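Down below is the structure, laid out as structure tokens.
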Amino acid sequence: MISLILASFALLSPLASAQGPDLSSANNVTSLEGEWSSNAAVGTGGDFCIPAEMKFTYPNNTGIAYAFTDDGFFEEAMYRYKGNASNPKCITATIQWQHGRYGLNDNGSMTLYPFGADGRIQVQDPCAAVTNIITYIDQQTLYADWGITIDQQTKNYVLKLNRFDGAKMPPMYLTARPPNMLPTQPLTGVNASGQQVTTRKRSTVTISDFLKRGSAPSRLSLGSDNAVMGAAGVAVGLMASISVLLL
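Quick note on numbering: the sequence shown equals residues -18 to -1, 1 to 229 in mature numbering (1 follows the signal peptide of the UniProt record, and there is no 0).
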């Protein structure tokens, strides 16, 4: 009987080891609170995005960063490239920012619940008619498991996240504690006090040359509303002058 039990454990042990490291909250060596980044060039906070102004500051390199507080708030900053095998010149760049609340689930997973009105995303495609589009994003995210360990090379804390489909996110290292974050409340739309917050409408800019390999785009300037109104006034004046000449 004992030999049968030992044989059963021998059969189960390879399956257990194939599951990979334990990323449950019980296996963490430090608190989740802090700012975590896959690349020092990408960080959370106002230096990355100003949602009320529909404005991004482009990092010098791609990467992903998350910030968490111990009382349940998160912030997300992502800057990524996507290649085009059929046309290598058509590299798509995506930059996005969200913040809101997060929940740690009983099964070891993590769910991110963003403040829907605050999320911003910009997609740049040099092969598209309109190469810059800044718009809104409200993307709830589920990570199947997560965990914090100590990196053996850097001796720094490292956060590991696995997506719902099992795909591994890049390891993110602790860069700041407490984290750099914008206020942990809705910043546009209706705020936590129920007051209406004014937002800028979606902005689009057409440019012919936006992406050079080895360097990141500079800070995007969408112009002011006064400049737009001024241009409209000039156009109206020219049309009025032409009407007078025709008469």
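For glycine and all other residues, C-beta sits at the position ideal for the given N, C-alpha and C.
Just so it is clear, the structure is predicted and the values come from calculations on it, not from any experiment.
C-beta atoms of residue i and residue j nearer than 9 Å
i           : j    : result
M60         : G82  : no
residue 232 : T26  : With the chain represented from -18 up to 229, any question about residue 232 goes unanswered, as that position is not in the structure.
A158        : A49  : yes
T51         : M163 : yes
L124        : V140 : no
Q121        : D100 : no
S68         : A47  : no
T15         : T166 : A small fix is needed here, since residue 15 is Glu in this sequence, not Thr. Contact flag unset, no.
F55         : Y84  : yes
R102        : I116 : yes
P41         : T170 : no
E17         : P161 : yes
Y118        : G98  : yes
K142        : M151 : yes
Identified DSSP bridge partners for residue i
i    : result
C31  : F38
M151 : According to DSSP, which records beta bridges pairwise, M151 is partnered with nothing at all.
V85  : According to the sequence as given, residue 85 is Gly; it is not Val. Answer is T93.
T74  : K64
Q135 : Q135 is not bridged to any residue.
Where residue i falls: helix, strand or coil (DSSP)
i    : result
D127 : strand
I119 : coil
G98  : coil
T166 : coil
T157 : strand
G196 : Because G196 carries a pLDDT of 36, less than 50, the predicted location of this residue cannot be relied on, and the following value inherits that uncertainty. Looking at G196 - three-state DSSP - the assignment turns out to be coil, as it is neither helix nor strand.
G219 : With a pLDDT of 44 at G219, under the threshold of 50, the modelled position of this residue cannot be trusted; read the value that follows with caution. Of the three classes helix, strand and coil, the one that applies to G219 here is helix, per DSSP.
Run of the beta strand (DSSP E) containing residue i, from where it starts to where it stops
i    : result
L141 : Y139 to R145
A23  : First-last for A23: undefined, no H or E at that position.
Q106 : R102 to Q106
K64  : F55 to K64
I46  : G45 to F50
| said: Counting beta carbon pairs with one atom in the region 86 to 94 and one in the region 60 to 75, are three or more of them shorter than 8 Å? | reply: no
| query | For the 8 Å Cβ check, are there 3 or more pairs between the region 123 to 141 and the region 97 to 113? | reply | no
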